[in-house]
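For reference, the structure discussed in these notes is given below.
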Amino acid sequence: LKNKSFKLYGAVFGITLRREPVQQSADPTEAFVQYRTCKVRRLKAATLDKLVSHLLDPCCQEQDYGRILLSTYRTFTSSNKLIDIAVNLYSLCKTVLKIQLQYFLLSWFPHSSLWTVLQMWLEEYSDDLRDAPMHSSLRLMCLQLRGHPALFPLAKHYETLLKNFQAEGHCWIIYSLNKGVYEADNLADFMGFSVTGVAEQLTRMDADLFMKVVPFQCLGCVWSQRDKKENLSPTIWATIAQFNAVTNWVITSLLRSSSSVTQRARVIEKWVRIAQVCRELKNFSSVKAILSALQSNPIYRLRKTWAAVKAMSVFENLCETFPDENCVLTSREIFVDVSYEHISQSDFLQSSAGGTVPYLGTYLTVLTMLDTALPDTVEVRLESESCFDAHATYYIFIEKSVCRLLSGNEGSKKNADQISVSSAGSSGSEIEEISASQSNTEAFPSSSSPDSSTMSSSSSSSQQDLNLNPSSSSSSSASADPHLVSSHKRSVSMTSLPFYNRQVDGSCIIRVSVEFCNNGNMYKSILLTSQDKTAQVIQRALQKHNLEDVSEQDFTLVQVLAQGRELHVPEKANVYYAMSTSANYDFVLRRCPKGQRKQLIRSVSLSSGRATK
Amino acid sequence: TDFLFKFLVIGSAGTGKSCLLHQFIENKFKQDSNHTIGVEFGSRVVNVGGKTVKLQIWDTAGQERFRSVTRSYYRGAAGALLVYDITSRETYNALTNWLTDARTLASPNIVIILCGNKKDLDADREVTFLEASRFAQENELMFLETSALTGENVEEAFLKCARTILSKIESGELDPERMGSGIQYGDASLRQLRQPRGSAAQARQQCNC
């Protein structure tokens, strides 16, 4: 029953078993942790109505469901529609309840859940509702809320928000990039600017734009204008325009007809120094823009100029900041560990505690890939249902990366303490995420970055301390110093997330390939828990390799060790404990020789399970 | 595997590059989200003329909107799919730029196949087959019209490109041992490295596929 799905009135649910630590006496030095197993139901796909009614379901066990929905609903509906459905559903429930239960339950259903969601929307996603100049969804919201006396206080808040937006006027949507600034200069002027001056100016502009980025606009289908929707992401486009303006500036400054080879070399050197300062200012957007320009075809082909450039090592060193251009390759692991594998190679991680302007392209690319790869809808009885799984993934990625960076920046301005608190809290919810997921997509265990996100649900953080090692649980109080914060985050991630090649908290990810099977799948990743027996693992691997027509009995599971050695996992073993943890977690499914089903050839010493025939 | 090729997918934004790639990697395999941890795409092993070749495919996936697809992206690519959208002349007009970049920033011997994507939207066509094939001929490109939606010609495009690279290796036109060729030998292949072509049969035997 580990991973059943079932359908219910236009919704598909997934059931997973998850272990959670049992709250014990407050002694942190306790050497063991007790777990209990509980069933978790998660919505996997549903019609729009059902998605919303799930939101209002007081029995909903998914604490992050509201946030996931609010972060991602743009991929399948509009704000207006969502508001309409939610409020209508609310009225409907109320009427029905009035008749049937005579006000009995009115105090908690569905009032409180709708209230919570609307409050969250107001507090965390208010940018969604801006759509200047008309603010139509916000108006609709106010109107709808006015219709329900119980929701009056919220209506007041929303009205205040509307007033604020109106007061801001239209200036918000117009990012006038003063291109004149870039064009008016001549070479002498440019060489006269101080390196720090230019770098600081660029950083100021980039930071300004980045702070305005609205997370939902990063969604793959929104920002890349899938289906040629109108441009719904002005904040992203402003960032892109700025990036391209900088690359153009670099290129044009180098391609003046009058300049000589040595002059050009000096200009390149200057740009490299500017990039270097931008890096020190943690403005990776401009670093990337300048480097891109210098590596573009019109500049790269200037061989003589490059030969005259001194301090090439600085340039090459800067290029290392962006270690791998190929996001596709890293995206496989990016879910496992957003910042550890991918970003920590550059300076992102250590600086993520605040004040960073990232190169947004990396994130946008991953989100575009997710958008490509994950289905929007599933066909159930010829009824199209929004595939919520996919959106959960989006959510997690956006929350954990973009929001993290955004909140990091805001936090650093306000108060360093806040960051540390929110980071400790959210790592808790990530752990939940993981244990809740058990080889199920929706949580993408994987996707959790070790760092903070804006979310921190108190209920989850209360149970998580047991999960962490003592050092990390103590650090939530520790740190006003951003460096402390980031090192703490790192340690949390090391000890609590399922990694490749690491067993953590009763689970790990293994890679399984099928021998002699050339169907294009190199290996598939499988989440292995401490409950999984060999047969189950083989079966899951075969399913993932789309080999359902063969019998699991025809295969043995073999771990590939170093120096060509192999570990044959016995038929009845618990794979989690049987596997070698010192080697790579790479496994091969090997077809048994004909007539020799499941004959164990040789079993290397195993800690659990007798090697039976 | 015998070889590893670095492949690029390039072209203007909105031409369906990521979909092509995804279609090729996921191919006919149904998606079973229940068992997927992460989106596993990026490389695929194919069998071309008795050789197993791992294609490692790089996709800009939207980054082309930033002017950031540069030297480090192209470096060492053995093959490329140059994609335009048959319903958008703009994307077709941009081909020359992409081509120049690919030829100068990747290796000059890079094998490129032109893909007119969104073949399924024939009613909205803005670029005729004839016009594009003439362009392909003038620039020594292979050419196919593809549809990432239906899957038509997607497999063919990648395989055609891989096949051409392999035949160039066999004819000696491409030297895998040269730096930056974008070609690497797989594990078992070092032995076959310098053997005459007659050993192809032997290689096939080893392959077990």
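Quick note, the sequences are listed as chains R and C, same order. Numbering of the first sequence is given in full-length UniProt numbering, commencing with residue 1 and proceeding in unit increments. Numbering of the second sequence is given in full-length UniProt numbering, commencing with residue 1 and proceeding in unit increments. We put the beta carbon where it would ideally sit given N, CA and C, even for glycine.
(Q) Considering only their Cβ atoms, is the gap separating Tyr84 of chain C from Thr150 of chain C smaller than 7 angstroms? (A) Sequence index remark: in the second sequence, residue 150 of chain C carries index 150 (1-based). Sequence index remark: in the second sequence, residue 84 of chain C carries index 84 (1-based). Cβ atoms of Thr150 of chain C and Tyr84 of chain C: not closer than 7 angstroms.
(Q) Determine whether the beta carbon atoms of Gly49 of chain C and Leu166 of chain C lie at a separation below 7 angstroms. (A) On the second sequence, residue 49 of chain C is found 49 positions in, with the first residue counted as 1. On the second sequence, residue 166 of chain C is found 166 positions in, with the first residue counted as 1. Yes, these two residues count as a Cβ contact at 7 angstroms.
Q. Can you tell me whether Gly172 of chain C is buried or exposed, with buried defined as 16 or more other CB within 10 angstroms of its CB?
A. The residue you call residue 172 of chain C lines up with position 172 of the second sequence. Flag for Gly172 of chain C reads exposed.
Q) What is the rounded straight-line gap between the Cα of Arg75 of chain C and the Cα of Trp58 of chain C? A) What you label residue 75 of chain C is simply residue 75 of the second sequence in a count that begins at 1. What you label residue 58 of chain C is simply residue 58 of the second sequence in a count that begins at 1. Roughly 11 angstroms between the two C-alpha positions.
(Q) Pop quiz: Trp121 of chain R and Leu162 of chain R are said to be a contact at Cβ under 8 angstroms. What is the actual Cβ separation, rounded to whole angstroms? (A) Within the first sequence, the letter at position 121 stands for residue 121 of chain R. Within the first sequence, the letter at position 162 stands for residue 162 of chain R. The beta carbons of Trp121 of chain R and Leu162 of chain R sit about 14 angstroms from each other, so the pair does not count as a contact at 8 angstroms.
Q: Report the rounded CA-to-CA distance for Leu367 of chain R versus Ile526 of chain R, giving the unit in angstroms.
A: By 1-based counting over the first sequence, the position of residue 367 of chain R is 367. By 1-based counting over the first sequence, the position of residue 526 of chain R is 526. Leu367 of chain R and Ile526 of chain R have their C-alpha atoms some 22 angstroms from each other.
Q. Would you call the segment 286-293 of chain R and the segment 198-212 of chain R touching, i.e. three or more CB-CB distances under 8 angstroms?
A. They touch, by the three-pair rule.
Q: Within the same chain, show all residues whose beta-carbon is closer than 7 angstroms to that of Arg74 of chain R, passing over the 5 residues directly before and after it, in chain order.
A: Position 74 of the first sequence, counted from the first residue, corresponds to residue 74 of chain R. Apart from sequence neighbours up to five positions away, the residues of its chain that approach Arg74 of chain R with a beta-carbon distance below 7 angstroms are Phe216, Leu219 and Val222, ordered along the chain.
Q. Who are the Cβ neighbours of Leu542 of chain R in its own chain at under 8 angstroms, not counting the five residues just before and after it?
A. In the first sequence, the residue the question calls residue 542 of chain R occupies position 542. Taking Leu542 of chain R as the centre and dropping the five residues before and after it, the same chain places the C-beta of Val514, Glu548, Val550, Glu552, Phe555 and Leu589 closer than 8 angstroms to its C-beta, in chain order.
Q) Under the three-state reduction of DSSP, which class applies to Met142 of chain C: helix, strand or coil? A) If you number the second sequence from 1, residue 142 of chain C lands on position 142. Here Met142 of chain C sits in strand by DSSP.
Q. Checking contacts by CB at 7 angstroms: is Phe66 of chain C closer than that to chain R?
A. Within the second sequence, residue 66 of chain C is the residue found at index 66, counting from 1. Taking 7 angstroms as the CB threshold, Phe66 of chain C lines the interface with chain R.
Q. By DSSP, does Thr75 of chain R sit in helix, in strand, or in coil?
A. By 1-based counting over the first sequence, the position of residue 75 of chain R is 75. In the structure shown, Thr75 of chain R falls within a helical segment according to DSSP collapsed to helix, strand and coil.
Q. Around the Cβ of Asn88 of chain R, are there at least 16 other Cβ atoms within 10 angstroms (buried) or fewer (exposed)?
A. In the first sequence, residue 88 of chain R corresponds to position 88, counting from 1. Exposed: under 16 other Cβ atoms inside 10 Å.
Q | Listed by chain order, chain R residues near Asp175 of chain C by CB distance under 9 angstroms | A | Residue mapping note: residue 175 of chain C aligns to position 175 of the second sequence, counting from 1. Residues of chain R passing the Cβ test: none, with the nearest at roughly 23 angstroms.
Q | Straight-line Cα distance separating Thr1 of chain C from Arg191 of chain C | A | Here residue 191 of chain C refers to the residue found at position 191 of the second sequence. Here residue 1 of chain C refers to the residue found at position 1 of the second sequence. At Arg191 of chain C the pLDDT is 38, less than 50, meaning the model places this residue with poor confidence and gives no usable figure here.
Q) Along chain C, which residues have their Cβ under 7 angstroms away from the Cβ of Gln295 of chain R? A) For this step, residue 295 of chain R is matched to residue 295 along the first sequence. Annotation: Cβ neighbours of Gln295 of chain R in chain C (cutoff 7 angstroms, chain order): Thr70, Arg71 and Ser72.
**Q.** Alpha carbon of Ser435 of chain R to alpha carbon of Glu20 of chain R, nearest angstrom
**A.** As a position in the first sequence, residue 435 of chain R is number 435, starting the count at 1. As a position in the first sequence, residue 20 of chain R is number 20, starting the count at 1. Its pLDDT being 29, under 50, Ser435 of chain R is placed unreliably by the model, and nothing is read from it.
Q: Would you list the residues sitting across from His545 of chain R in a DSSP beta bridge?
A: Residue mapping note: residue 545 of chain R aligns to position 545 of the first sequence, counting from 1. According to DSSP, His545 of chain R bridges with nothing at all.
Q: Note down the Cα distance separating Glu145 of chain C from Asp122 of chain C, rounded to an integer number of angstroms.
A: The count along the second sequence starts at 1 and reaches residue 145 of chain C at position 145. The count along the second sequence starts at 1 and reaches residue 122 of chain C at position 122. If I take the Cα positions, the gap works out to 11 angstroms.
Q.
Per the DSSP calculation, Val45 of chain C is bridged to which residue(s)?
A. The count along the second sequence starts at 1 and reaches residue 45 of chain C at position 45. Under DSSP, Val45 of chain C takes part in a beta bridge, and its partners are C:Lys54.
Q) Smallest Cα separation from Ile251 of chain R: which of R:Thr262, R:Ser258 and R:Val267? A) Taking the first sequence and counting its residues from 1, one reaches residue 251 of chain R at position 251. Shortest Cα-Cα distance from Ile251 of chain R to any of R:Thr262, R:Ser258 and R:Val267 involves R:Val267.
Q | Close-in-space but distant-in-sequence residues of the same chain around Cys142 of chain R (CB under 7 angstroms, 5 per side omitted) | A | As a first step, residue 142 of chain R is located in the first sequence; it is residue number 142 there, counting from the start. Taken in chain order, the residues that qualify are Ala155, Tyr158, Glu159 and Leu162.
Q. Out of C:Ser12, C:Gln23, C:Leu4 and C:Thr104, which has the shortest C-alpha to C-alpha gap to Leu114 of chain C?
A. Within the second sequence, the letter at position 114 stands for residue 114 of chain C. With distances taken between Cα atoms, Leu114 of chain C lies closest to C:Ser12.
Q. Would Ser513 of chain R count as contacting chain C if we go by Cβ distances under 7 angstroms?
A. In the first sequence, counting from the first residue as 1, residue 513 of chain R sits at position 513. Judged by the 7 angstroms Cβ criterion, Ser513 of chain R is not in contact with chain C.
Q: Using a Cβ-Cβ cut-off of 7 angstroms, state whether Cys115 of chain C counts as contacting chain R.
A: The residue labelled residue 115 of chain C in the question sits at position 115 within the second sequence. Judged by the 7 angstroms Cβ criterion, Cys115 of chain C is not in contact with chain R.
Q: Would you kindly report the start and end of the unbroken alpha helix (DSSP H) that includes Cys161 of chain C?
A: Position 161 of the second sequence, counted from the start, is the residue given in the question as residue 161 of chain C. Its alpha helix (DSSP H) spans residues Val154 to Glu170.
Q) Where do the ends of the beta strand (DSSP E) carrying Ser525 of chain R lie? A) Residue numbering aside, residue 525 of chain R sits at position 525 when the first sequence is read from its first letter. Run containing Ser525 of chain R: Lys524 to Thr529, per the beta strand (DSSP E) assignment.
(Q) Which residues of the segment 88-108 of chain C have a Cβ closer than 7 angstroms to any Cβ of chain R? Give them in chain order. (A) Against chain R - using a Cβ distance shorter than 7 angstroms - the residues of the segment 88-108 of chain C are Thr100, Asp101, Thr104 and Leu105.
Q) How would you write the range of the beta strand (DSSP E) that His135 of chain R sits in, first residue to last? A) The residue you call residue 135 of chain R lines up with position 135 of the first sequence. Boundaries cannot be given for His135 of chain R, as no beta strand (DSSP E) includes it and DSSP labels it neither H nor E.
Q) In three-state terms, what does DSSP make of Gln166 of chain R? A) Stepping through the first sequence from its first residue, residue 166 of chain R is reached at position 166. In this structure, Gln166 of chain R counts as helix in the three-state DSSP scheme.
Q | Expected contact under 8 angstroms - CB spacing of Gln56 of chain C and Ser43 of chain C to nearest Å | A | One-based indexing of the second sequence puts residue 56 of chain C at position 56. One-based indexing of the second sequence puts residue 43 of chain C at position 43. At roughly 5 angstroms, the Cβ-Cβ gap stays under 8 angstroms, so Gln56 of chain C and Ser43 of chain C are in contact.
Q | Beta-ladder partner(s) of Ala80 of chain C, from DSSP | A | As a working note, residue 80 of chain C is residue 80 in the second sequence. The secondary-structure analysis by DSSP pairs Ala80 of chain C across a beta bridge with C:Leu8 and C:Ile112.
Q: May I ask you to list the residues that DSSP assigns as paired with residue 228 of chain C?
A: Nothing about residue 228 of chain C can be read from this structure; chain C reaches only from 1 to 209.
Q: Could you work out which residues of chain C lie near Lys212 of chain R, taking near to mean beta carbons separated by less than 8 angstroms?
A: Taking the first residue of the first sequence as 1, we reach residue 212 of chain R at position 212. The premise fails here: Lys212 of chain R is roughly 17 angstroms from chain C at the closest Cβ pair, so nothing lies under 8 angstroms.
Q | Beta-bridge partners of Asp101 of chain C, as assigned by DSSP | A | Stepping through the second sequence from its first residue, residue 101 of chain C is reached at position 101. Asp101 of chain C pairs with nothing; no bridge assigned.
Q) The beta strand (DSSP E) spanning Gln63 of chain C covers which residue range? A) Taking the second sequence and counting its residues from 1, one reaches residue 63 of chain C at position 63. Element bounds for Gln63 of chain C: n/a, residue is neither H nor E.
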